[in-house]
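Chains as they are written, first to last, in UniProt numbering: chain B, 1 to 349; chain E, 1 to 348.
Note that the Cβ used here is the ideal one computed from N, Cα and C, for glycine as well.
These notes are about the structure you will find just below.
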Amino acid sequence: MNHDIDVKKVRTNCFRQSKVAGEFMLQMRVPGAVIDAKHLKAVAEICERWGNGSFHMGTRQTLDIPGVKYENIPEVNRYIKQYIEEVDVKLCGCDMEATEYGYPTIGARNVMACIGNAHCIKGNANTYEMAKKIEKLVFPSHYHIKVSVAGCPNDCAKANFNDFGVIGVNKQVYDYDRCIGCGSCVDACQSHATGVLTLNENGKIDKDPCCCVGCGECSLICPTGGWTRDPKKLYRVTLGGRTGKQTPRSGKLFLNWVTEDVVLGMFANWQKFSAWALDYKPEYLHGGHLIDRVGYKEFAKHIFEGVEFNPEAKVADDIYWAENEQRSNIHVMPLSQHKHAGPSEESSK
Amino acid sequence: MGYKLSFGEADRIFDSLQKEYEIWAPKRFVGKGRYSDTDMIRYDKIHRADEIEFNEKSDFPAKEVLTPITETLFYFTEDEYRESKATKKKLLIFMRPCDVHAKYHQEKIYLENGDFADSYYQRMSEKVKIVLMECGEGWDTCFCVSMGTNRTDDYAAAVRAEDEAMFLEIKDEELAPYFQKCASARFTPSFVEENPLQVTVPEIPNKEVLTELKRHPMWDEFDKRCVSCGACTLACSTCTCFTTSDIVYQENSNAGERKRTSASCQIEGFTDMAGGIVFRNTAGERMRYKVLHKFHDYKARFRDFHMCVGCGRCISRCPELISIAATVDKMAAAVDEITASQKAEGGK
Numbered sequence: 001m002n003h004d005i006d007v008k009k010v011r012t013n014c015f016r017q018s019k020v021a022g023e024f025m026l027q028m029r030v031p032g033a034v035i036d037a038k039h040l041k042a043v044a045e046i047c048e049r050w051g052n053g054s055f056h057m058g059t060r061q062t063l064d065i066p067g068v069k070y071e072n073i074p075e076v077n078r079y080i081k082q083y084i085e086e087v088d089v090k091l092c093g094c095d096m097e098a099t100e101y102g103y104p105t106i107g108a109r110n111v112m113a114c115i116g117n118a119h120c121i122k123g124n125a126n127t128y129e130m131a132k133k134i135e136k137l138v139f140p141s142h143y144h145i146k147v148s149v150a151g152c153p154n155d156c157a158k159a160n161f162n163d164f165g166v167i168g169v170n171k172q173v174y175d176y177d178r179c180i181g182c183g184s185c186v187d188a189c190q191s192h193a194t195g196v197l198t199l200n201e202n203g204k205i206d207k208d209p210c211c212c213v214g215c216g217e218c219s220l221i222c223p224t225g226g227w228t229r230d231p232k233k234l235y236r237v238t239l240g241g242r243t244g245k246q247t248p249r250s251g252k253l254f255l256n257w258v259t260e261d262v263v264l265g266m267f268a269n270w271q272k273f274s275a276w277a278l279d280y281k282p283e284y285l286h287g288g289h290l291i292d293r294v295g296y297k298e299f300a301k302h303i304f305e306g307v308e309f310n311p312e313a314k315v316a317d318d319i320y321w322a323e324n325e326q327r328s329n330i331h332v333m334p335l336s337q338h339k340h341a342g343p344s345e346e347s348s349k
Numbered sequence: 001m002g003y004k005l006s007f008g009e010a011d012r013i014f015d016s017l018q019k020e021y022e023i024w025a026p027k028r029f030v031g032k033g034r035y036s037d038t039d040m041i042r043y044d045k046i047h048r049a050d051e052i053e054f055n056e057k058s059d060f061p062a063k064e065v066l067t068p069i070t071e072t073l074f075y076f077t078e079d080e081y082r083e084s085k086a087t088k089k090k091l092l093i094f095m096r097p098c099d100v101h102a103k104y105h106q107e108k109i110y111l112e113n114g115d116f117a118d119s120y121y122q123r124m125s126e127k128v129k130i131v132l133m134e135c136g137e138g139w140d141t142c143f144c145v146s147m148g149t150n151r152t153d154d155y156a157a158a159v160r161a162e163d164e165a166m167f168l169e170i171k172d173e174e175l176a177p178y179f180q181k182c183a184s185a186r187f188t189p190s191f192v193e194e195n196p197l198q199v200t201v202p203e204i205p206n207k208e209v210l211t212e213l214k215r216h217p218m219w220d221e222f223d224k225r226c227v228s229c230g231a232c233t234l235a236c237s238t239c240t241c242f243t244t245s246d247i248v249y250q251e252n253s254n255a256g257e258r259k260r261t262s263a264s265c266q267i268e269g270f271t272d273m274a275g276g277i278v279f280r281n282t283a284g285e286r287m288r289y290k291v292l293h294k295f296h297d298y299k300a301r302f303r304d305f306h307m308c309v310g311c312g313r314c315i316s317r318c319p320e321l322i323s324i325a326a327t328v329d330k331m332a333a334a335v336d337e338i339t340a341s342q343k344a345e346g347g348k
């Protein structure tokens, strides 16, 4: 067999190197984690014809086909043309053509999502519709970014461990006259959320609006419809979450109560920001690391360019990430090893 | 007399009716349902025909018009009180047959039970004129036919909506003049004659069976399933329980108002008494109380009809998907089982 393979090139094509030399695992994108069930037949076909017969559920909700031999990659790429056409081109409207050569890049990772309000009783947002809109803005791009969309602050989608975590929230509206003072919302908020509700001496509800996470537990449990969601769809966005060997950490609250327009306006600036931060040379480096290099305040300037905030919007003025360092003093190093951010002296000329 | 009106014509008639009437009807509140991107349908004052939700059953019953969930009864200071005022206008309420039947139960409890007429209910009840809404084929949680509440002729007007137009039958003489200029059309309402959901309420033959039924393990199921939220009773067309509470003004604790607020036998604390006595401690016991009240006790006391009118709103609103119809079926099976074992023992 061929023992001279440019594995980085193959990786960019979304085939991951196997420990078995010459074998690769194809990762098929499923933006928002919902597709027509018919595609599963095609996936099974690839697994059985070109893979090793097994199938892996990708941790980022990709459809993974292990055991594809290097020499079969061109054939597999021709076979998945239709899938890419239907999912990324048509469904998400990405600015790309489906070709015989498979995925054009691995850069922006599959946009993850929980099932959201299309199914879930707790969901506040249609997560896969949002994920598809984000996919259109970040893919295909060689700049790496990990995004996940959660339907509610319960965050089953692990938005908190992505560069950008988009979380569906609603303002909750209280109808004094429909409240019977049963206290169900107080209990629900205490046990499922942030405990911002109290039953007052008049048998009605007081709320500490500051710490409400907009999850809707009160509206779910209220027997009278005394609590309801404000139908305006809003989002909370967490920033800089990640896994990894060196500095895994949870994302920090970045935006709160922002509209879809704000979220998408921000993602529309991502590629431009990344290009600027990396001196127009894509690196195998995920979004959060770019923000670390640039610093939050500088990042904010770029990412909010042209974004108009809705009146309810709250925006982080600064973020202090606490690094969960796996090794002490990880940031302390000789000056020569410091990483550079922004255009080099050459390109700024 | 029967008429056909476009929604536009209806709006003009509503305008002139508003001088004398408040018009109440089920209305859709978009995005206000329990779950995201679902709606709530409940009663509200309306001004235009297109505000009325004709096609779906309301989540909450018509009783809310006469007995709002929270209602101020009177205002007080340290030495005097003044009663709240009811609306001066008459009430034109769009209701379905189940709600019309439910109103009889409400009247019985508020006006006749215990030889005492509740004046706050009475002053509203006297003003009502019913506009009966046709139900078409009904909905999948309805079992009005089983409860004998699918038909009624107790209405001032009846209505069917079709393609932005209303067919109306006007029986009430006070309403007739408003419709004189409308095109006449043959219309009398038709009624649901069969529901997919059917309920056979068991006869409980004697007190011994009733006692055994209360002890039956069938109720234990609800200790695990029911979350005691009370959504069933608040959506119930016939429930009347309320509690009263005084709101004392913060700036002057000698003044305040007395309110009454709907209460629910399903919610923990409902039977709390002085001395820490509690009658129904578990969700199963509370469910048993409600089911027997609706399907045995009420009829046993008033000797006419079961309290439940089969509107099915409790089924639609239960967040844990507990069906009252399925519960009554289980109760019927338990009654059969108890009766059979009593017979077997009697035969020994």
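- Annotated as distal: E:S16 and E:I41, with beta-carbon spacing of 7 Å or more.
- Here DSSP, grouped into helix, strand and coil, assigns E:T244 to strand.
- From the listed residues E:D154, E:L73 and E:V128, the smallest Cα separation to E:S119 is found for E:L73.
- If you look at B:Q172, you'll find it in the beta strand (DSSP E) that goes Q172 to Y174.
- The beta-bridge partner set that DSSP reports for B:S148 consists of B:M112 and B:G165.
- Residue pairing by DSSP places E:R303 opposite no residue, since no beta bridge is assigned to it.
- Residue state for B:F309 is assigned as coil, using DSSP reduced to three classes.
- Taking the C-beta atoms as reference points, E:A263 is found no nearer than 7 Å to E:C314.
- Taking 7 Å as the threshold, the shortest C-beta distance from E:D329 to chain B does not fall below it.
- Look at the stretch 183–258 of chain E and you find these whole runs of beta strand (DSSP E), each 3 residues long or longer: 242–248.
- Taking 7 Å as the cut-off, the Cβ atoms of B:I167 and B:V147 do not count as close.
- At least 7 Å separates the CB of E:D44 from every CB of chain B.
- Looking from the CA of E:K171, the closest CA among E:D154, E:A183 and E:A165 belongs to E:D154.
- In this structure, the straight-line span from the alpha carbon of E:G256 to that of E:E71 is close to 14 Å.
- Using a Cβ distance threshold of 7 Å, B:F24 and B:V89 do not count as a contacting pair.
- The residues Y43, in chain order, have a CB closer than 6 Å to that of E:E64 in the same chain once the five nearest residues on each side in sequence are set aside.
- Sixteen is the threshold: since fewer than 16 other Cβ atoms of the shown chains lie within 10 Å of the Cβ of B:Y320, the residue is exposed.
- A distance below 7 Å between beta-carbons, with the five flanking residues on each side excluded, links E:K294 to the following residues of its chain, in chain order: H306, M307 and C308.
- For E:R260, the beta-bridge partners assigned by DSSP are E:E71 and E:T244.
- Contacts with chain E at 7 Å (Cβ-Cβ) include B:T228.
- One alpha carbon belongs to B:H142, the other to B:Y103, and they sit about 11 Å apart.
- Around E:D99, no beta-carbon contact reaches into chain B at under 7 Å, the shortest distance being about 17 Å.
- Under the Cβ criterion of 7 Å, E:L73 is not counted among the residues facing chain B.
- Within the stretch 197–213 of chain B, those residues whose Cβ lies closer than 7 Å to any Cβ of chain E are, in chain order, N202 and G203.
- For B:I221, the chain E residues whose C-beta falls within less than 7 Å of its own C-beta are C229, listed in chain order.
- Assignment of B:W50 by DSSP, reduced to helix, strand and coil, places it in the coil class.
- Within the stretch 30–41 of chain E, V30, G31, K32, R34, Y35, S36, D37 and M40 place their CB atoms closer than 7 Å to a CB of chain B, listed in sequence order.
- Contact annotation: B:A113 and B:T99 have beta-carbon atoms that are not nearer than 7 Å.
- A distance below 8 Å between beta-carbons, with the five flanking residues on each side excluded, links B:Y70 to the following residues of its chain, in chain order: M1, N2, I5, V10, G22, E23 and F24.
- Between the alpha carbons of B:G116 and B:I46 lies a distance of about 29 Å.
- Chain B places a beta carbon closer than 7 Å to that of E:L234, counting this residue as a contact.
- Beta-bridge pairing by DSSP links E:K4 to E:F167 and E:A183.
- For E:N195, the CB contacts under 6 Å within the same chain, skipping 5 residues up- and downstream, are G138, C142, F143 and V145 in chain order.
- In terms of Cβ geometry, B:K204 and B:G241 do not form a close pair [threshold 7 Å].
- With its beta carbon less than 7 Å from one in chain E, B:D177 belongs to the interface.
- Interface criterion met: the Cβ of B:G123 is under 7 Å from a Cβ in chain E.
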